[in-house]
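Student: Just so we're aligned, residue 5 is where the first sequence starts under our numbering, counting upward by one. The beta carbon of each residue, even a glycine, is placed where N, CA and C say it ideally should be. Below is one structure. I have some questions about it.
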Amino acid sequence: MGKIKYTLIKTEGKTKARLGKLKTNYGEYDTPMFMPVGTQATVKTLSVEELKSLNAGIILSNTYHLWLRPGENIIDHAGGLHKFMNWNGPILTDSGGFQVFSLAKPKDISEEGVKFKNHLNGDTLFLTPEKSIEIQNKLDSDIAMSFDECPPASASHEYLENSIKRTIRWAKRGKEAHKNENQSLFGIIQGGPYEDLRKYSAIETVKLGFDGYSIGGVANDGESTEDMYKAIDYSIPYMPEDKVRYLMGVGEPRDIIEGVIRGVDIFDCVLPTRLARHGHAFTKYGKINLKNAKYKEDFSPVDSNCDCYTCKNYTKAYIKHLINADETLGARLLSIHNIRFLIKLTEDLREAIKNDNIMEYRDIFMRDYYGENK
RNA sequence: GGAGGGUUAGCGAAGUGGUCAAACGCGGCAGACUGUAAAUCUGUUCCUUCGGGUUCCAUGGUCCGAAUCCAUGACCCUCCA
Numbered sequence: 005m006g007k008i009k010y011t012l013i014k015t016e017g018k019t020k021a022r023l024g025k026l027k028t029n030y031g032e033y034d035t036p037m038f039m040p041v042g043t044q045a046t047v048k049t050l051s052v053e054e055l056k057s058l059n060a061g062i063i064l065s066n067t068y069h070l071w072l073r074p075g076e077n078i079i080d081h082a083g084g085l086h087k088f089m090n091w092n093g094p095i096l097t098d099s100g101g102f103q104v105f106s107l108a109k110p111k112d113i114s115e116e117g118v119k120f121k122n123h124l125n126g127d128t129l130f131l132t133p134e135k136s137i138e139i140q141n142k143l144d145s146d147i148a149m150s151f152d153e154c155p156p157a158s159a160s161h162e163y164l165e166n167s168i169k170r171t172i173r174w175a176k177r178g179k180e181a182h183k184n185e186n187q188s189l190f191g192i193i194q195g196g197p198y199e200d201l202r203k204y205s206a207i208e209t210v211k212l213g214f215d216g217y218s219i220g221g222v223a224n225d226g227e228s229t230e231d232m233y234k235a236i237d238y239s240i241p242y243m244p245e246d247k248v249r250y251l252m253g254v255g256e257p258r259d260i261i262e263g264v265i266r267g268v269d270i271f272d273c274v275l276p277t278r279l280a281r282h283g284h285a286f287t288k289y290g291k292i293n294l295k296n297a298k299y300k301e302d303f304s305p306v307d308s309n310c311d312c313y314t315c316k317n318y319t320k321a322y323i324k325h326l327i328n329a330d331e332t333l334g335a336r337l338l339s340i341h342n343i344r345f346l347i348k349l350t351e352d353l354r355e356a357i358k359n360d361n362i363m364e365y366r367d368i369f370m371r372d373y374y375g376e377n378k
């Protein structure tokens with residue numbers, strides 16, 4: 005048991021795409037990798053057996069949500085998050101940084117920490133970098149994230165400059181508060197789409213010395229895809245080669261591919277499970293909406309190219325019926341498929357890196373999925 | 001046999017003289033969703049060649065004007081015999 009260890013195996017011939025290995029407390033995993041999100045200590049609608057069957061590696065959980073419910077002490081008493089949720093694979097906990105964006109107002113953010121309105125009962129709460137790390141230590145996840153401010157896409161250069169500096173000070177405080185020797189701690193690079201800010205944030209964060217680094221603030225509320233790629237391109241050059249690189253919150257297939265090409269190793273996203281609950285499915289030929297009337301009598305699988313349990317056993321017509329009837333099995337079957345789709349995408353990307361033909365892979369994928377040649 | 005109440009768009013249900021092609025809910029049809037306050041949210045839902053046309057059980061009437069008032073009929077419900 006100990007810290008996570010990243011080993012770079014090779015870099016793809018013509019791009020920055022990296023093939024790597026991640027040694028964790030719960031086994032070794034290949035990167036690039038997609039990590040399903042299970043905010044409340046559950047990947048919504050899925051059992052851990054189902055997750056395993058998808059070849060999932062690391063899964064995510066969330067400090068803020070588990071802090072409120074059931075409380076970190078209960079999870080501690082249960083023997084940690086792995087035991088509590090019966091997941092014997094690696095877990096990464098987000099720090100609550102995203103909730104700074106989604107629940108707090110700018111005026112609630114101070115040097116000391118962030119004032120939240122408890123979304124369950126309206127109580128006023130205060131989360132600090134130290135508190136976030138302390139909670140994550142107790143949750144006993146394998147990877148803890150630094151507590152950062154995740155500013156909205158509309159934030160100005162001036163606002164962002166102050167914000168990233170504070171986030172760096174918070175990262176330092178969090179690192180000093182971090183006590184769990186079996187838990188890795190990652191730093192987060194912010195700075196919006198600005199080259200100078202990303203550079204500054206990356207250099208200063210790396211100076212503090214973390215076990216891995218992530219790029220944040222690219223998938224909050226309508227950042228353009230262009231700005232996301234800028235954020236990656238401006239951050240990557242300053243991120244160490246021997247540490248894993250994590251692009252937070254990204255899961256649109258195009259963005260995973262573009263992220264990998266730019267040198268990102270791991271991704272997480274709520275998209276596959278949320279889309280599933282809303283009746284949508286990723287397929288080789290683009291995203292489809294099972295609610296559409298045209299699938300009423302379509303007795304073919306969601307994606308005939310897919311190897312998942314759902315595609316091997318169920319038809320579009322049946323899943324459409326389940327979604328329309330508001331039956332939870334529909335959401336579950338589509339969650340299985342959508343997560344598998346993204347994990348399979350990363351498996352294919354690893355293969356393409358091995359074969360030094362990731363650009364060709366991208367072009368074919370884009371043509372099939374988006375019907376374009378980008 | 002007597003006394004009341006009712007009939008509104010696919011369904012349920014508001015509306016009781018003009019601002020009504022008719023609230024709202026459901027259902028239907030689409031769209032959005034990127035570190036999950038998200039099994040949520042948004043749009044649309046009589047026909048249309050977008051000028052307009054035809055509607056509120058049916059027919060007739062009053063009125064400048066009717067889903068709304070009057071008459072008759074049909075059907076439904078409740079209570080009394």
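Given a threshold of 16 other Cβ atoms within 10 Å of its Cβ, counted over all protein chains shown, does Arg73 qualify as buried or as exposed?
Tutor: exposed
Student: Would Pro94 and Asn29 qualify as a contact pair, given that the criterion is a beta-carbon distance under 8 Å?
Tutor: Taking 8 Å as the cut-off, the Cβ atoms of Pro94 and Asn29 count as close.
Student: Please state the DSSP three-state secondary structure of Gly216.
Tutor: strand
Student: Pick from Glu180, Tyr238, Arg173 and Ser188: whose alpha carbon is nearest that of Glu208?
Tutor: Of the listed residues, the one whose Cα sits closest to Glu208 is Arg173.
Student: Hey, would you say the C-beta of Asn92 is under 7 Å away from at least one heavy atom of the ligand MN?
Tutor: The ligand MN is absent from the structure shown, which contains no ligands of any kind.
Student: May I ask which residues mark the beginning and end of the alpha helix (DSSP H) holding Ile236?
Tutor: Counting along the chain, Ile236 sits inside the alpha helix (DSSP H) bounded by residues Thr229 to Ser239.
Student: Using beta-carbon positions only, say whether Phe190 and Met243 come within less than 8 Å of one another.
Tutor: no
Student: Around the Cβ of Ala280, are there at least 16 other Cβ atoms within 10 angstroms (buried) or fewer (exposed)?
Tutor: The residue in question, Ala280, is buried, as its Cβ has 16 or more Cβ neighbours within 10 Å.
Student: In the structure shown, what three-state DSSP assignment does Cys315 receive?
Tutor: helix
Student: Put Lys135 into one of helix, strand or coil per three-state DSSP.
Tutor: For Lys135, the three-state secondary structure derived from DSSP is helix.
Student: Excluding the 5 residues preceding and the 5 following Lys247 in the sequence, name in chain order all residues of the same chain whose CB lies nearer than 8 Å to its CB.
Tutor: Tyr10, Phe214, Asp215, Gly216 and Tyr217
Student: Between Leu26 and Tyr33, is the Cβ-Cβ spacing less than 8 Å?
Tutor: yes
Student: Please classify Met5 as buried or exposed, where buried requires at least 16 neighbouring CB atoms within 10 angstroms.
Tutor: It counts as exposed.
Student: Nearest CA to the CA of Gly17: which residue from His81, Ile265 and Ala181?
Tutor: Ile265
Student: The beta strand (DSSP E) with Leu50 in it runs from where to where?
Tutor: Taken as a continuous stretch (DSSP letters only), Leu50 belongs to no beta strand (DSSP E), as it is neither H nor E.
Student: Secondary structure at Lys378, three-state DSSP: helix, strand or coil?
Tutor: Note that Lys378 scores a pLDDT of 38, beneath 50, so its modelled location is shaky and nothing firm can be said.
Student: Could you tell me whether the region 361 to 368 touches the region 76 to 93, using the rule of 3 or more Cβ pairs below 8 Å?
Tutor: no
Student: Which residue wins for smallest C-alpha separation from Phe105, given the options Ser239, Asn224 and Tyr204?
Tutor: Asn224
Student: Taking the alpha helix (DSSP H) that Glu16 belongs to, which residues open and close that run?
Tutor: It is not in any alpha helix (DSSP H) - Glu16 carries neither H nor E in the DSSP assignment.
Student: Count the other CB atoms, across all protein chains shown, that sit within 10 Å of the CB of Thr171; report buried if there are 16 or more and exposed otherwise.
Tutor: Classification of Thr171: buried, given that the 10 Å Cβ count is 16 or more.
Student: Give the secondary structure of Asp280 by DSSP, where H, G and I count as helix, E and B as strand, and everything else as coil.
Tutor: For the sequence presented, residue 280 should be read as Ala rather than Asp. Looking at Ala280 - three-state DSSP - the assignment turns out to be helix.
Student: Where does Pro4 fall in DSSP's three states?
Tutor: For residue 4 there is no data in the structure shown, the boundaries of the chain being 5 and 378.
Student: Just how far apart, CA to CA, sit Gly267 and Lys203?
Tutor: 16 Å
Student: In three-state terms, what does DSSP make of Ala148?
Tutor: strand
Student: Quick check on the DSSP output: what are the complete beta strand (DSSP E) runs of length 3 or more inside the region 294 to 368, in order along the chain?
Tutor: none
Student: From Lys109, Phe151, Leu50 and Glu54, pick the residue whose C-alpha is nearest to that of Gly100; which is it?
Tutor: Phe151
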